[in-house]
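Notes for the one structure printed next.
Next comes the structure, spelled out in structure tokens:
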């Protein structure tokens, strides 16, 4: 929860476009996000969804919690997690049809984004691009070499899991 508390103390937080605060009667606690027990929430959101939602905005920007945005974050996170699962199911081809530098370039782009004032939204955008490639191959419309697969696994493991702390939720 430390990251969320940091955000809430260092950012303008809004709920459905209105500044969040106890005096505005629109304050939502983490517990309420996780249980969905708040009149402004349509459903419960997992800790990973909240984390992903926050990481999709730059830490210096206004963060607006709203049901549509939170639902989009849930779908987006599911899409990335599905791509990671699909990656381990893809059979490598002797000659993948990606350029040899694709995975290395992806890794460099993610690295550069983190070095650019912790630009997590850009890292996530690059991971979404990679997820599209993985889905295309999974659907039989492309191929990956073993080297491509290994490098992509490393990028997702390093950036999605280790750095952004986004993991598959149990239960």
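Residue numbers (our numbering): -10 to 160. Don't be surprised by glycine CBs; every beta carbon is placed ideally from N, CA and C.
Check	Outcome
What's the gap between the Cα of residue -1 and the Cα of residue 125?	Bear in mind that a pLDDT of 49 at residue -1, under 50, signals an unreliable position, so the model cannot answer this.
CB-CB under 8 angstroms to residue 156, same chain, minus the five flanking residues each way: which ones, in chain order?	37 and 150
On the DSSP bridge list, what partners appear for residue 53?	3
Indicate whether the contact test is met: 3 or more Cβ pairs, each with one atom in the stretch 98 to 112 and one in the stretch 37 to 57, closer than 8 angstroms.	yes
Three Cβ pairs or more, each shorter than 8 angstroms: is that satisfied between the stretch 132 to 142 and the stretch 71 to 91?	yes
Have a look at residue 119 and residue 144 and give me their C-alpha separation to the nearest angstrom.	10 angstroms
Quick one, which of 116, 24, 90 and 102 has its alpha-carbon nearest residue 67's?	116
Helix, strand or coil for residue 156? Go by DSSP, reduced to three states.	coil
Roughly how many angstroms separate the alpha carbons of residue 17 and residue 58, rounded to a whole number?	15 angstroms
Tell me whether residue 130 sits in a helix, a strand or coil according to DSSP, three-state version.	coil
May I have the straight-line CA-CA distance separating residue 94 from residue 121, to the nearest angstrom?	16 angstroms
Got a sec? Which residues, its chain only, sit under 7 angstroms from residue 13 by beta carbon, not counting five neighbours each side?	7
Work out the CA separation of residue 55 and residue 30 for me, nearest whole Å.	8 angstroms
Pull up the distance between the alpha-carbon of residue 25 and that of residue 32, whole angstroms please.	5 angstroms
For the alpha helix (DSSP H) containing residue 46, list its first residue and its last residue.	Here residue 46 belongs to no alpha helix (DSSP H), and DSSP marks it neither H nor E.
Please return the same chain residues whose Cβ sits closer than 7 angstroms to the Cβ of residue 158, not counting the five positions on each side in sequence.	35 and 37
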